[in-house]
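Numbering (the numbering used here), first residue to last: 3 to 624. Note that CB positions come from ideal geometry on N, CA and C, so glycine has one too. Only one structure is covered here, and it is reproduced in the block below.
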């Protein structure tokens, strides 16, 4: 079945690959044959050609700069402010993508040409082409900026606003990191369009400010110089390929990994917002609306010129346009269908696996057969399935452990009560104490399970503040000194440092220290030693809890923080605790951005080391 599928895929791939070879690869190699080998050097040494190449790069770069400067505030206005006509503006921003370049060029000439309605005399100047480039490419940048601003979570902006950050600080610290890849991708597209543009450069650039694309056209149409034209074609392809690859790389960073809640557009509230709105509308009016209005005005003033639509030449040109467009659409549809068939094979495989995963089949996996986006998606899917399978196994094991732990005290209580009910034993002080002991065990177990669940939703359930971990540790040790002494354990404090600040929840950190001390009380032999050290780490602080034993085998160290794991099975009832204390410690420490580990102690027993960073940022911090 796999061999049949492979053969089918290869056969389907041959047609589009053959089409690309005939329509793209073969013409490029044919153009390369015109170059004798020294033409590249000749063109680069020609001052005229260097001027054409330099101007092409310059006008594309300047257009990128102008569209970024105008597009970012305009995109912010469209994303953040609500005003009359906002929806129409978002729709009309798509118009330059479908408008013929020559039609728009006529509008630009009507505004700034020899008889321009706004400013006559821009012909044979670089400003005419730059304005036309801005007209066509500003919507690209505005759409990119708008999409970037729409990926900024509302919670981050609200947090920054609550902390007193102004509009500019919110932009630089919260919005700009999210906006940057979207803006870079849009700038790449603008550069690509301007560098490889032909229609606007031909109409608005003239002979003096023609681009490389226009020069290629003139070399082929008027001078029949295929050698120089082929070199320039390969130059354009190299630059556009580099820009396209850069755009594809940047586009990966713009893919939203999760759905975010974005701020709802609101009415302008301050004078600055109203001024920014007015400026954005003026930019859109001057750069996008005026050329369209000029085209409409010229059409209305055409008069008898409309009769040209009924001439035979016009009708023939219209028929040729429709005929060739239909043929191109049909051919593109066939090729797209074949390519789609090839690409749909892994997509359908992913869809089938997704349905199986949703139905609870967590052992499902999909083969990774490529390095493209579908291959990356397959790897992410397999990782997700593995995580869900692991979580499901942990859930089942946890429920089994919880059931076992609850069953034992309940069975003891039930036996005691049945014995009293049947008259086998009186309801005396011993029975009451036995029942109270089992109730205490149940209460401790329920409390530990609740606390363990709280560690798993951290840091949202935590109350973050700046904590002096040295002072907190000393206070906890002082409160436990008497209990350790009753147990016959001596407490030593080593590695004293004056102060160490961390970002955390003091109550949760205190619970970590208490759980470790309680663990020592339960397991360290009478007359033993508990030693607590605190020292500066790299970075942060290191806290060591050492005891004199008894020790444990090295293979037990990694399991020490597992749920319901106990160091000594014989002490799993009265003295062994619930088996959740160290698991809770791990959850709390990891929620603080630190780590906890177990190793052999120099005192002969167990060492539990805690490493906490000096600072910890969290969404719950606020």
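- When the Cα atoms are used, what is the spatial distance from residue 149 to residue 157? As a first step, residue 149 is located in the chain shown; it is residue number 147 there, counting from the start. As a first step, residue 157 is located in the chain shown; it is residue number 155 there, counting from the start. Distance between the alpha carbons of residue 149 and residue 157: 17 Å.
- Message: Am I right that residue 504 and residue 616 are in contact with their C-beta atoms under 8 Å? What's the rounded C-beta distance?
- Response: Numbered from 1 along the chain shown, position 502 holds the residue referred to as residue 504. Numbered from 1 along the chain shown, position 614 holds the residue referred to as residue 616. About 6 Å; that satisfies the 8 Å criterion.
- Query: Would the beta-carbon of residue 522 fall within 8 Å of that of residue 549?
  - Reply: Walking along the chain shown from the start, residue 522 turns up at place 520. Walking along the chain shown from the start, residue 549 turns up at place 547. In this structure, residue 549 lies closer than 8 Å to residue 522 by Cβ.
- Message: Going by DSSP in three states, residue 531 sits in which element: helix, strand or coil?
- Response: Mapped onto the chain shown, residue 531 falls at position 529. Residue 531 carries a strand assignment under DSSP once its states are collapsed to helix, strand and coil.
- Message: Can you tell me whether residue 501 is helix, strand or coil according to DSSP?
- Response: Working through the chain shown from its first residue, we reach residue 501 at position 499. Coil, per DSSP.
- Task: Give the DSSP-derived three-state secondary structure of residue 546 in the structure shown.
- Result: The residue you call residue 546 lines up with position 544 of the chain shown. Residue 546: strand per DSSP, three-state reduction.
- Task: State the DSSP-derived secondary structure class of residue 602, mapped to helix, strand or coil.
- Result: Position 600 of the chain shown, counted from the start, is the residue given in the question as residue 602. In this structure, residue 602 counts as strand in the three-state DSSP scheme.
- Tell me which same chain residues have a C-beta within less than 6 Å of the C-beta of residue 377, skipping the five on either side of it? Reading the chain shown from its first residue, position 375 is the one you call residue 377. Correct list, in chain order: 370.
- Item | Exposure label - residue 124; buried when at least 16 CB within 10 Å | Counting from 1 along the chain shown, the entry for residue 124 is found at position 122. Residue 124 comes out buried.
- Message: On the CB-based measure, 16 or more other CB atoms within 10 Å of its CB, does residue 619 come out buried or exposed?
- Response: Taking the first residue of the chain shown as 1, we reach residue 619 at position 617. For residue 619, the predicted model reports a pLDDT of 42, less than 50, meaning its position is unreliable; a value from the coordinates is still stated below. Under this definition residue 619 is an exposed residue.
- Reduced DSSP secondary structure (H/G/I, E/B, other) of residue 366: Numbered from its first residue, the chain shown carries residue 366 at position 364. Three-state result, residue 366: coil.
- Message: Between which two residues does the alpha helix (DSSP H) holding residue 481 run?
- Response: Counted from its first residue, the chain shown places residue 481 at position 479. From DSSP, the alpha helix (DSSP H) with residue 481 extends over 471-488.
- For residue 274, which of helix, strand or coil comes out of DSSP? Taking the first residue of the chain shown as 1, we reach residue 274 at position 272. In this structure, residue 274 counts as helix in the three-state DSSP scheme.
- From 169, 470, 589 and 539, pick the residue whose C-alpha is nearest to that of residue 508; which is it? Your numbering for residue 508 matches position 506 in the chain shown. Closest by alpha carbon: 470.
- Task: Return the Cβ separation of residue 486 and residue 493 in integer angstroms, given the expectation that the two are a contact with Cβ distance under 8 Å.
- Result: Reading the chain shown from its first residue, position 484 is the one you call residue 486. Reading the chain shown from its first residue, position 491 is the one you call residue 493. That pair is a contact at about 5 Å.
- Leaving aside the five residues before and after residue 489 along the sequence, list all residues of the same chain whose C-beta is less than 6 Å from its C-beta, in chain order. Taking the first residue of the chain shown as position 1, residue 489 is located at position 487. These residues qualify, in order along the chain: 523.
- Start-end ranges of the alpha helix (DSSP H) lying completely within the segment 218-256, minimum 4 residues: 228-256
- Query: Using a Cβ-Cβ distance under 8 Å, would residue 287 count as near chain B?
  - Reply: No chain B appears in this structure, which consists of one protein chain only.
- Item | 8 Å Cβ cutoff met for residue 81 and residue 193 | Against the chain shown, residue 81 aligns to sequence position 79. Against the chain shown, residue 193 aligns to sequence position 191. Not a contact, by the Cβ cut-off of 8 Å.
- Cα-Cα separation, residue 166 to residue 501: Translated into the one-based positions of the chain shown, residue 166 becomes position 164. Translated into the one-based positions of the chain shown, residue 501 becomes position 499. The alpha-carbon atoms of residue 166 and residue 501 are separated by roughly 29 Å.
- Task: Would you give the residue range spanned by the alpha helix (DSSP H) that residue 110 belongs to?
- Result: Start at 1 with the first residue of the chain shown, and residue 110 comes out as number 108. Taken as a continuous stretch (DSSP letters only), the alpha helix (DSSP H) holding residue 110 covers 103-114.
- Query: What is the DSSP secondary structure of residue 468, counted as helix, strand or coil?
  - Reply: On the chain shown, residue 468 is found 466 positions in, with the first residue counted as 1. Looking at residue 468 - three-state DSSP - the assignment turns out to be strand.
- Task: Determine the DSSP secondary structure at residue 613, reduced to helix, strand or coil.
- Result: Taking the chain shown and counting its residues from 1, one reaches residue 613 at position 611. It is a strand residue.
- Query: Nearest to residue 71 by alpha carbon, out of 120, 142, 330 and 419?
  - Reply: Against the chain shown, residue 71 aligns to sequence position 69. When only C-alpha atoms are compared, the closest one is 142.
- Task: Measure from the alpha carbon of residue 529 to the alpha carbon of each residue in 552, 391, 511 and 108, then state which is nearest.
- Result: The sequence position of residue 529 within the chain shown is 527, counting from 1. Of 552, 391, 511 and 108, the residue nearest in Cα terms is 552.
- At least 3 beta-carbon pairs within less than 8 Å: the segment 94-106 vs the segment 197-213: yes
- Look at residue 537 and residue 478 and say whether their C-beta atoms are less than 8 Å apart. Reading the chain shown from its first residue, position 535 is the one you call residue 537. Reading the chain shown from its first residue, position 476 is the one you call residue 478. No, they are not a contact pair.
- Rounded to the nearest angstrom, how far is the Cβ of residue 119 from that of residue 111, given a contact under 8 Å? Within the chain shown, residue 119 is the residue found at index 117, counting from 1. Within the chain shown, residue 111 is the residue found at index 109, counting from 1. At roughly 10 Å, the Cβ-Cβ gap does not stay under 8 Å, so residue 119 and residue 111 are not in contact.
- Query: Which of helix, strand or coil does DSSP assign to residue 492?
  - Reply: One-based indexing of the chain shown puts residue 492 at position 490. Three-state result, residue 492: strand.
- Query: Since residue 590 and residue 543 are thought to touch, with beta carbons under 8 Å apart, how far apart are those beta carbons, to the nearest angstrom?
  - Reply: The sequence position of residue 590 within the chain shown is 588, counting from 1. The sequence position of residue 543 within the chain shown is 541, counting from 1. Not a contact, Cβ separation roughly 15 Å.
- Query: Who does residue 536 pair with in a DSSP beta bridge?
  - Reply: Position 534 of the chain shown, counted from the start, is the residue given in the question as residue 536. The partner list for residue 536 (beta bridge, DSSP) reads 545.
- Item | Straight-line Cα distance separating residue 190 from residue 248 | The residue labelled residue 248 in the question sits at position 246 within the chain shown. The residue labelled residue 190 in the question sits at position 188 within the chain shown. Spanning the two alpha carbons is a distance of roughly 7 Å.
- Residue closest to residue 584, alpha-carbon to alpha-carbon, out of 277, 562 and 76: The residue given as residue 584 occupies position 582 in the chain shown. Of the candidates 277, 562 and 76, 562 places its Cα closest to the Cα of residue 584.
- Query: With DSSP run on the structure shown, which of helix, strand or coil describes residue 120?
  - Reply: Counting from one through the chain shown, the residue named residue 120 turns up at place 118. DSSP places residue 120 in coil when its eight states are reduced to three.
- Can you give me the start and stop residues for the alpha helix (DSSP H) that residue 196 sits inside? Position 194 of the chain shown, counted from the start, is the residue given in the question as residue 196. That run of the alpha helix (DSSP H) goes 178-198.
- Item | residue 561, DSSP secondary structure in three states | One-based indexing of the chain shown puts residue 561 at position 559. Note: residue 561 maps to coil in three-state DSSP.
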